Amino acid sequence: RPAEFRGWPIPDVLRSGDHQRVDRWRRAQALARTIERRPDLIAARGGLNAEDRALLEEFDLTGD
461 RPAEFRGWPI
471 PDVLRSGDHQ
481 RVDRWRRAQA
491 LARTIERRPD
501 LIAARGGLNA
511 EDRALLEEFD
521 LTGD
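Be aware that the sequence shown starts at 461, since it is given in our numbering, and climbs by one per residue.
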């Protein structure tokens, strides 16, 4: 698989072929985007649960 597409780097996880890890990465990306764009939705759920926090940490998307 190509390392980049139209000048954009392709994350290694997407090129790995590990479908379970790709699904986890996609979920983490969705959470990170929601936190950035709509933190009110996260707050309405009562915040992130432990699994979601661990997922963000796994892919270094905690924003720290």
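Idealized CB from N, CA, C, for every residue including glycine. This one's a predicted model, so the numbers in the text were calculated from it and none came from an experiment.
Grouping DSSP H, G and I as helix and E and B as strand, with all else coil, what is P469? Of the three classes helix, strand and coil, the one that applies to P469 here is strand, per DSSP.
Same chain, Cβ closer than 6 Å to R461, five either side skipped, listed in chain order: Answer for R461: R475, listed in chain order.
Mind checking L501: buried by the 16 CB within 10 Å criterion, or exposed? Exposed, by the Cβ-count rule.
Does the Cβ of L521 lie closer than 8 Å to at least one heavy atom of the ligand MN? In terms of ligand content, the structure shown is empty, and the ligand MN therefore cannot be addressed.
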